[in-house]
Structure formats: C-alpha cells, structure tokens
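Novice:
Number of protein chains: 4
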Amino acid sequence: MSGAAGDGSAPAARWSEAETPIATLAAALAAFNHARDWERFHTPKDLAMALSVEASELLELFLWKRDGELPPRARLEEELGDVLITLVNLARRLGVDLLAAAEAKLALNGERYPVALARGKASKYDQLGEEP
Amino acid sequence: MSGAAGDGSAPAARWSEAETPIATLAAALAAFNHARDWERFHTPKDLAMALSVEASELLELFLWKRDGELPPRARLEEELGDVLITLVNLARRLGVDLLAAAEAKLALNGERYPVALARGKASKYDQLGEEP
Amino acid sequence: MSGAAGDGSAPAARWSEAETPIATLAAALAAFNHARDWERFHTPKDLAMALSVEASELLELFLWKRDGELPPRARLEEELGDVLITLVNLARRLGVDLLAAAEAKLALNGERYPVALARGKASKYDQLGEEP
Amino acid sequence: MSGAAGDGSAPAARWSEAETPIATLAAALAAFNHARDWERFHTPKDLAMALSVEASELLELFLWKRDGELPPRARLEEELGDVLITLVNLARRLGVDLLAAAEAKLALNGERYPVALARGKASKYDQLGEEP
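Structural data, given as structure tokens:
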C-alpha cells in the first residue's frame, strides 16, 4: 500500500466519521507534509490564514445561491476536506487536541445559551434576554 | 450524566483526537441544536457563513503578531473548538462524511503535489514546475 | 466614449484616488450591473459574502510569504480593485455613504485609541492600558 | 481644529462619496497611524489579514438573517467604515491607486462578462455559456 510507504498519500482503507479518529488523519498529514518538506512554511500564523482562505472557498460555493439551492456535491466535499485538513494541521502545530477543545467549547456554549433563554432565538449570548 | 439527558450539554467523559470519533461530537451537537430549536437557522448557506466567521475570529488572534509570537492558549483552544463545531454542523447538514472527504482530498493532493516536484516549494499545484 | 453608452464598461478617462470621487465608480457599477440584470442577485447578504470572499482572495496572495516578500503587483491590483468594487456595490445597496462612514469611524477610533495610551501598542482598545 | 493638529483625528468637515476623494481619507489615516507609531505593525501581510477580518465582522452581522432582514444601520456603517479604512491603509502601503485599480478591473470584467452572455446569470466568467 503506497500510503504506508511514507510519502503521505492517503491509505487504501476507507475512513469514516464514525470510526476513524482525527489522530489517524493527523498522522497521515504529518507524513504528507514531511515528505514535501512543508513544515518550514507551516507557521501557526500562516496556517490560520490558510484555514480562513479555505473556509472562504467553501463559502464562495454558496454565493448568489438562493436558500435551498445547493452547490455541486463534489465541490462541497472537496472544500470540506480542505477545511478539515487545514484545521488538523493547525491544531497539531499548536499541540491542541481538537476534540477536547470542541468538548470544552460545547460545555461553555451550554452555559451561555441555556435552553430556556436560547430556544428559537438566533441572538448572540450577550444579547440573549434583551428583547421581550 | 447531564449530557445524556438530551439538553445537548457536553458529556462528562473527556474526549480526545486519538479515541473519540467525530460522530460522537456530531451526535452531541445534534442534541444541542435540537434542544434549542436551532435547526431552523442552520441552512447550509448560513453555516458556511458561520464557518468563515469562526475561522476569521481565529485568524484575528494572530493579527499584528510576529512569527513565533503566539496568542493566549485558552483563546486558541476556544476558537479551534468553534471552528470544528461549525464544520461538523455544516457537514452533518449536508450529509457529508468529513473523514472520507479529507481522505479523498489528501489522495488528490498527493497527485497534484508529487514529492519530486513539490518538495520545499510553496507554489500552488497549477504553478509547480514553472520555475527552474 | 464607450462607458457612456450604458453597458457599464469603464470610461476611457483615467481615474485616480486624488481626483475621482467614489460616486463616479458607484455610478459606473450601477450601469454595469443594470446592463447585466444583476441587481436581482445583489442582496445585502450576498454582497457581504462576496466582500468577504474577495478580501480572502487578496489574503491568499500573501499565504506562505515571508514578511517583506510581496505577491505579483498585477495580482494585488486586481484583487484590491475587486474589494473596492464589491464594497461600493454593498454600500450603495444599503444607502450608506462610505466616506462619511469612514470619517465617523476614524473619529471613534481617535477616542478609543488616544495617542498617549495607544502609541506603539498593537492591543485592541478594550485591552489598552492593561499592561504596565 | 484638533484634526489639523496632526493627531490624526477626523476633521470637522463632513466627508461624502460625492465630493471627498479617497486621497483625503488616506492622508488622515497616515497622520492617525503616524501619531500612534503604528506603521511598524502595518506590514502588507498583516493589513491583508486585517482586511479579511474586518470584512468578516461585516459578514457576521448578516448571519442567521433571512433575506430582506437587515442588521442595525449603525453597526453596518461602523463595519463598512472599518473595511474602507483598512483597504485604504493597505493600498497606500503597497503604493496602489484604488480607483485606477477598480477602473482596470471593471474594464476586465466588461470583457469577461459580455452583456449578451452574462445577462441574468450568476455564473463565474469561466463557466458562462456552458449551459443551454
């Protein structure tokens, strides 16, 4: 399997959200970047820029679209993949565990947006409860 | 455990990139959003906007920083958590498997950036090999 | 002069920051968009998305660049032009006078960042004076 | 008038798109930044990041809004002012004339989107004419 040869190409086995932990993707990315000597470019600041650029390429697919109108699925998958790849590269570079970070943020959001106040509202947490 | 009570708060068990699959986060988010009746706001277009906005909040932490200078770790973790949460919300809304999408994109990147050509270069794939 | 023919192409006369008011660009853009029946797509929300996408395309030019390293000038000019065009389209759609808005914001910034406190500091206004 | 005293605060006279050239704003910004010794932070790369961040703050105002639903006008004006201020700071730093750049881009767009092909279409120029 070429992926195991250390050139950072994706493995033959099919990954899935249900079974593949992010650490598997992170390891494949580390090999990919190392084989290309790309660590030198991957400063946290540039990776944060790259993440914003990738998120914007995904956003562009929805430009001028009416609600309910969807971009081509293959384009969506490609850009979603790019965002996750860049997010994992950045988190790894910073030594942050993404799942633990999301878990902590979700707990914080639970406090900021209590069900009784936030239900059916799109307001930001610091403006919740301001309207009748 | 309050998280299991269906109000969408994070579970007590500690998640990690190495062990927790994204599907676990996705299920917690689905419960969180449902408890707040937020599905109505979560169109794919608005979630793509939200993802770009969250990536930009992360980017802002690096603004005016010199290379090597890092923002406070707690702020980084919070914004990285936000990006992953929004990315998972969007992928779930679109029915896209993020790990499979990243795997496919990584395979494509392997073709676009062959080691022999891309090594030590920051060029985009369509400009690789243009310079001596 | 073809630009006067109503198809929205740019006028032959050379514009400049020193002499051409933004209203001249706004009028040319209105004719350009009207000739193509594009007003139907130009909702404020989509124009705000487009502005973010254009700013991100400009940002991408700086990706992986070291400080002091500049992207090709022609690419910079093209993307800067795109940002201004989209900004003027959005402001016009909202009925906001851009110069008056910038003037008001500059006055506000003068209050938020008094010279004595802000000199040589990159901090945000709500964190000014927090450090010794 | 304090604005003339060189501290970079906005002048008392009311600016407008119809009459005030961008060069007037650029000169006020140069004085503002110089009084605060901020030129040291304003590398082209950081200003491009700042522009993307400001455009994203404007975008955030439209998040979760239905078409036709508008954010508070004062917030829109403030963010639009920020975007123009940052755009002018960046263009000045790069020595690019924004109006000339917009004029050139508008002429290019006139070629890329001929009225006969682009009328009523939201497609990108490289996909125009692909559909029946």
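Residue numbers (the numbering used here), protein chains in the order written: chain A, 1 to 132; chain B, 1001 to 1132; chain C, 2001 to 2132; chain D, 3001 to 3132.
We treat Cβ as the ideally placed atom computed from N, Cα and C, and that holds for glycine.
If you're wondering where the values come from, they're calculated on a predicted model, not measured in any experiment.
(1) Under the rule that 16 or more other beta-carbon atoms within 10 Å means buried, what is G1129 of chain B, buried or exposed?
(2) Curious, which full-length beta strand (DSSP E) runs of at least 3 residues does the stretch 3033 to 3121 of chain D contain?
(3) When you compare each of D:T3043, D:S3016, D:R3036 to G3095 of chain D by their alpha carbons, which one comes out closest?
(4) Please return the same chain residues whose Cβ sits closer than 8 Å to the Cβ of L2051 of chain C, not counting the five positions on each side in sequence.
(5) Please report whether the beta-carbon of A1122 of chain B lies at a distance below 8 Å from any beta-carbon of chain A.
(6) Among C:D2126, C:D2097, C:R2092, C:M2049, which residue has its Cα nearest to the Cα of E2111 of chain C?
(7) How many angstroms separate the CA atom of L1058 of chain B from the CA atom of L1076 of chain B?
(8) Applying the criterion that 16 or more other CB atoms from any shown protein chain within 10 Å of the CB defines a buried residue, is A3005 of chain D buried or exposed?
(9) Between S16 of chain A and chain D, is there a C-beta pair that is closer than 8 Å?
(10) For the stretch 1099 to 1107 of chain B against the stretch 1052 to 1071 of chain B, are there 3 or more C-beta pairs whose distance is under 8 Å?
(11) Relative to the C-alpha of K1124 of chain B, which candidate in A:W38, A:A116, A:F62, A:K124 has its C-alpha closest?
(12) Exposed or buried, L1099 of chain B, counting other C-beta atoms within 10 Å across all chains shown (16 or more means buried)?
(13) May I ask you to list, following chain order, the residues of the stretch 2054 to 2067 of chain C that have a beta carbon less than 7 Å from some beta carbon of chain B?
(14) Taking only beta-carbon positions, decide if F32 of chain A is within less than 8 Å of chain C.
(15) Let's test the definition: count the other Cβ atoms within 10 Å of the Cβ of D2097 of chain C and tell me whether it reaches 16, buried, or not, exposed.
(16) Within the 8 Å Cβ cut-off, does A1100 of chain B reach chain A?
(17) So A3050 of chain D contacts chain B; which residues on that side make the cut at Cβ distance below 7 Å?
(18) Listed in chain order, which residues of the stretch 75 to 91 of chain A have Cβ atoms closer than 7 Å to some Cβ of chain B?
(19) Going by C-alpha distance, which of D:A3048, D:E3079, D:K3065 is nearest N2109 of chain C?
(20) Check whether the Cβ of D2126 of chain C lies closer than 8 Å to any Cβ atom in chain A.
(21) Which residues in the same chain have their Cβ closer than 7 Å to the Cβ of V3115 of chain D, if we skip the five residues on either side of it in sequence?
(22) Measure the alpha-carbon distance for G3081 of chain D versus R14 of chain A and round it to whole angstroms.
(23) Given A26 of chain A, which residues of its chain have a CB within under 7 Å of its CB, disregarding the five upstream and five downstream residues?
(24) Can you tell which of D:F3062, D:D3046, D:P3021, D:S3016 has its C-alpha closest to the C-alpha of F1062 of chain B?
(25) Can you give me, in chain order, the residues of the stretch 3034 to 3048 of chain D that have a beta carbon less than 7 Å from any beta carbon in chain B?
(26) Taking C-alpha atoms, which residue in A:F41, A:W64, A:E54, A:E60 lies nearest to D1067 of chain B?
(27) Within this structure, are the beta carbons of Y3113 of chain D and R2036 of chain C separated by less than 8 Å?
(28) Less than 6 Å between C-beta atoms, sequence neighbours within five positions excluded: which residues of the same chain meet that for A2030 of chain C?
(29) Does R112 of chain A have its Cβ less than 8 Å from a Cβ in chain B?
Specialist: Judging by the given coordinates:
(1) exposed
(2) none
(3) D:T3043
(4) V2083, T2086, L2087, L2090
(5) yes
(6) C:D2126
(7) 7 Å
(8) Model confidence at A3005 of chain D stands at a pLDDT of 41, short of 50, so the residue's coordinates are unreliable; what they give is reported in the following sentence. Answer is exposed; the Cβ neighbour count stays below 16.
(9) no
(10) no
(11) A:W38
(12) buried
(13) W2064
(14) no
(15) buried
(16) yes
(17) L1063
(18) L76, E77, E78, L80, G81, D82, V83, L84, I85, L87, A91
(19) D:E3079
(20) no
(21) none
(22) 49 Å
(23) V88, R92
(24) D:D3046
(25) F3041, D3046
(26) A:F41
(27) yes
(28) none
(29) no
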